[in-house]
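Just so you know, the sequence shown maps onto residues 22 to 76 in our numbering. Glycine included, every Cβ here is placed at the ideal spot set by N, Cα and C. Keep in mind it's a predicted model, so treat the numbers as computed, not measured. Beneath this line is the structure, given in structure tokens, with notes to follow.
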Amino acid sequence: MQDFKQELAREVAKECKTVNDVHNMLKELFKGTLQEILEAEMEEHLGYEKHSIAG
């Protein structure tokens, strides 16, 4: 996990030129992460995946 974090930090540093760039990238990363977590939680709650015929 630590290697992943370091690699992610390197990628962010490569792509971002300003503090605002870093802020925006981290905001998007956080948004995507939360979306994935919420979708997984909903699938667990419902007992089937989104767009599944079972639902």
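Can you tell me where the alpha helix (DSSP H) holding residue i begins and where it ends?
i, result
"I58", "V40 to L67"
Which of helix, strand or coil does DSSP assign to residue i?
i, result
"E71", "According to the sequence shown, residue 71 is Lys rather than Glu. Note: K71 maps to coil in three-state DSSP."
Going by beta carbon distance, what residues of the same chain come within less than 6 Å of residue i, once the five residues before and after it are set aside?
i, result
"V33", "M46"
Whose C-beta lies closer than 8 Å to the C-beta of residue i among residues of the same chain, with five residues either side of it excluded?
i, result
"E64", "E70 and K71"
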